[in-house]
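Numbering-wise (the UniProt record's numbering), the sequence shown opens with residue 1 and increments by one.
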Amino acid sequence: MSHDASPRPMAFARSGPLSGVVRVPGDKSISHRSLMLSALAVGESRIEGLLEGEDVLATAAAMRAMGATIERGADGAWTVSGVGVGGLLQPETTLDMGNSGTSTRLLMGLVASHSITATFIGDASLSRRPMNRVIEPLSLMGADVTVSPGGRLPLMLRGLCPAVPIIYRLPVASAQVKSAVLLAGLNTPGITRVIEPVPTRDHSERMLKGFGADLTVEVENGERHIRIRGEAELKPQHIVVPGDPSSAAFPLVAALIVPGSAVTVENVGVNPTRAGLYEVLRMMGAEIAFSNPREVGGEPVADITACFSTLSGIDVPPELAPSMIDEFPILFVAAAFAQGRTVMRGLEELRVKESDRIATMAEGLRAIGARVEELPDGLIVEGTGGEPLAGGTTVASRLDHRIAMSFAVAGLNSLAPVEIDDMGPVATSFPNFTNLIEQLSVPQS
Numbered sequence: 001m002s003h004d005a006s007p008r009p010m011a012f013a014r015s016g017p018l019s020g021v022v023r024v025p026g027d028k029s030i031s032h033r034s035l036m037l038s039a040l041a042v043g044e045s046r047i048e049g050l051l052e053g054e055d056v057l058a059t060a061a062a063m064r065a066m067g068a069t070i071e072r073g074a075d076g077a078w079t080v081s082g083v084g085v086g087g088l089l090q091p092e093t094t095l096d097m098g099n100s101g102t103s104t105r106l107l108m109g110l111v112a113s114h115s116i117t118a119t120f121i122g123d124a125s126l127s128r129r130p131m132n133r134v135i136e137p138l139s140l141m142g143a144d145v146t147v148s149p150g151g152r153l154p155l156m157l158r159g160l161c162p163a164v165p166i167i168y169r170l171p172v173a174s175a176q177v178k179s180a181v182l183l184a185g186l187n188t189p190g191i192t193r194v195i196e197p198v199p200t201r202d203h204s205e206r207m208l209k210g211f212g213a214d215l216t217v218e219v220e221n222g223e224r225h226i227r228i229r230g231e232a233e234l235k236p237q238h239i240v241v242p243g244d245p246s247s248a249a250f251p252l253v254a255a256l257i258v259p260g261s262a263v264t265v266e267n268v269g270v271n272p273t274r275a276g277l278y279e280v281l282r283m284m285g286a287e288i289a290f291s292n293p294r295e296v297g298g299e300p301v302a303d304i305t306a307c308f309s310t311l312s313g314i315d316v317p318p319e320l321a322p323s324m325i326d327e328f329p330i331l332f333v334a335a336a337f338a339q340g341r342t343v344m345r346g347l348e349e350l351r352v353k354e355s356d357r358i359a360t361m362a363e364g365l366r367a368i369g370a371r372v373e374e375l376p377d378g379l380i381v382e383g384t385g386g387e388p389l390a391g392g393t394t395v396a397s398r399l400d401h402r403i404a405m406s407f408a409v410a411g412l413n414s415l416a417p418v419e420i421d422d423m424g425p426v427a428t429s430f431p432n433f434t435n436l437i438e439q440l441s442v443p444q445s
């Protein structure tokens, strides 16, 4: 795993307008889920466009350790021969999740309703992230969890089969917790229910239904009630993974803040539960256009074009936070170049991501010349009105891929280069990020 590797510092500097048509790696959330559900199907599934970043490869390794056969073909597509729901095997070694919180929490759900015991470990960043929010509902279903102080990794989870179906109301908006409970419910007799007061990304619901699970979603009094009938039999699928909207955000915001730029990212997932960033950027005056809308594997997809824009500061509606929680670091960068003040609140979840993304972004933005006020639940950013930031310093990424890429984008419109102390973590979600930025920076013929 890359968390044992030496730091890879890299500097990013102004290079003129960005221009071109590119694709970003496959959606990370969908990639994780496609491997897990294919491993639980009876038969062989085919996955095209899988994100081959370290987080997803950690999921693949874990599913192999529990009995699935997973191979990458010469054509770049992946095949998965599943073991069936209830067929997971006892892993012979610890499951190394690297930097992936999604892998950890969702796999905990899978293990919770099987008669196996798994030990989860991770890198320094993941080992600081709390797991109690997942442990609580899985314990109610009968799982026995031995955890490190603070509810952190390493942890050992002993599943129960048959597990106990529960009705669980999410105390915080978290697609990972919702998904962990639903995945545990796959091998639990009866009906497991999750009540979601605030909608979060719905990839798990879409994909579970696509694989043949008996799952329903109803809205009652403004809340989503998700029901899954256990002891399911999943059918193998052919999955085409769309481009990751969180990854697409980086080249698109770069185009918005670098004068003269126009960038198109093709084949991006535009699931409404993930599209909050584009809504906010348009509120700020961004010139963003969607074209060629279509549906791929049950997910809405489009090509997105962004052109350099004069952005204005706004108060970002807190209710949009769940639909763009991973995009706030790059939104902070966009706000640093806007005219006036941008207020972003309701972001407590960012405190427990790969790093404390509020504190880490505030520290780095100040270091490169932005005016920032840190709040307990967000940031207030006073923009430059489109003028470059000072740059000229090294920013700490704190082993966080989105922090590293956000400051790389900031460096593209800074007076002096911005050095990222370690670009290594970017391999978790966007292995070709640096090459893609270089491609856009080269004058088009």
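For each residue, glycine too, the CB sits at the ideal point set by N, CA and C.
Excluding the five sequence neighbours on either side, which residues of its own chain have a C-beta within less than 6 Å of the C-beta of residue i, listed in chain order?
i    : result
E54  : S2, G98, A427, T428
G378 : M344, R345, L347
T394 : E419, D421
S445 : Unreliable positioning characterises S445 in this predicted model, as indicated by a pLDDT of 45, which lies under 50. The coordinate reading is nonetheless provided below. If we look at S445 and ignore the five residues flanking it on each side, it has no Cβ neighbours.
G86  : N187
S81  : E44, T69
T119 : T94, M156
M66  : L88, L89, P91
A175 : T200, R201
P245 : V268, G269, R274
V316 : V280, M344
T146 : M156
Quick one, are the C-beta atoms of residue i and residue j less than 8 Å apart?
i           : j    : result
I116        : G185 : no
L208        : R227 : no
L153        : A180 : no
G313        : A338 : yes
S29         : R201 : yes
G383        : T342 : yes
T434        : R398 : no
G20         : G49  : no
V219        : E205 : no
residue 508 : L436 : Any property of residue 508 remains undetermined from this structure, which presents the chain solely from 1 to 445.
Are there any heavy atoms of the ligand GTP lying less than 7 Å away from the beta-carbon of residue i, as far as the coordinates show?
i   : result
A39 : Among the ligands in the structure shown, none appear at all, so the ligand GTP cannot be discussed.
If contacts are defined as beta-carbon pairs under 8 Å, then residue i and residue j qualify, I think. What distance do you get, rounded to the angstrom?
i    : j    : result
L57  : L183 : Between L183 and L57 the Cβ distance is about 19 Å, and since that is not below 8 Å, they are no contact.
V42  : E233 : 7 Å
S247 : F430 : 5 Å
L415 : G391 : 6 Å
L389 : I403 : Not a contact, Cβ separation roughly 16 Å.
E354 : H401 : 7 Å
Identify the continuous beta strand (DSSP E) that holds residue i and give its terminal residues.
i    : result
H225 : 223-229
P417 : Here P417 belongs to no beta strand (DSSP E), and DSSP marks it neither H nor E.
T69  : 69-72
R152 : 152-158
I47  : 44-48
S38  : Note, S38: premise wrong, no beta strand (DSSP E); alpha helix (DSSP H) at 28-40.
A11  : 10-12
I116 : Run containing I116: none; DSSP gives neither H nor E here.
Just to confirm the assignment, what range does the alpha helix (DSSP H) spanning residue i have?
i           : result
N435        : 433-441
T192        : Note, T192: premise wrong, no alpha helix (DSSP H); beta strand (DSSP E) at 191-196.
T104        : 101-112
N132        : 132-140
residue 454 : Summary: the structure shown does not reach residue 454, with the chain confined to residues 1 through 445, and so no result is reported for it.
D55         : 54-65
E205        : 203-210
E363        : 357-367
G276        : 276-283
C410        : Looking at the sequence provided, one finds Ala at residue 410 rather than Cys. A410 -> alpha helix (DSSP H) spans 401-411.
I330        : 328-336
S246        : 245-257
Report all residues from its chain with a CB closer than 7 Å to the CB of residue i; omit the five preceding and five following residues, and keep chain order.
i    : result
M63  : L35, M36, A39, I70
I18  : Before going further, note that residue 18 is Leu rather than Ile in the sequence given. Same-chain partners within the cutoff: A254, A255, V258, S261, V263, L440, S441.
L375 : R345
V352 : R129, P130
V296 : V240, P242
P322 : A173, V198, P199, T200
G340 : S312, G313, G383
F211 : L37, A41, L234, K235, Q237
H32  : V56, T59, T102, S103, L106
A13  : G411, P417
Please list, in chain order, all residues of the same chain as residue i whose beta carbon is under 8 Å from its beta carbon, the five residues on each side excluded.
i    : result
P9   : T394, E419, I420, D421, D422, M423
C161 : G86, S113, H114, S115, N187
L51  : P25, G26, D27, K28, S31, V241, D244, S429
Inter-stretch contact (C-beta, 8 Å, three-pair minimum) for the stretch 304-314 and the stretch 240-260: yes
Segment contact, 8 Å Cβ cut-off, at least three pairs: the stretch 189-205 with the stretch 165-179: yes
At least 3 beta-carbon pairs within less than 8 Å: the stretch 260-276 vs the stretch 315-335: yes
Contact the stretch 57-71 vs the stretch 123-135: 3+ CB pairs below 8 Å: no
Given 8 Å, three or more beta-carbon pairs between the stretch 264-274 and the stretch 231-244: yes
Inter-stretch contact at 8 Å, needing at least 3 Cβ pairs: the stretch 66-77 / the stretch 120-127: no
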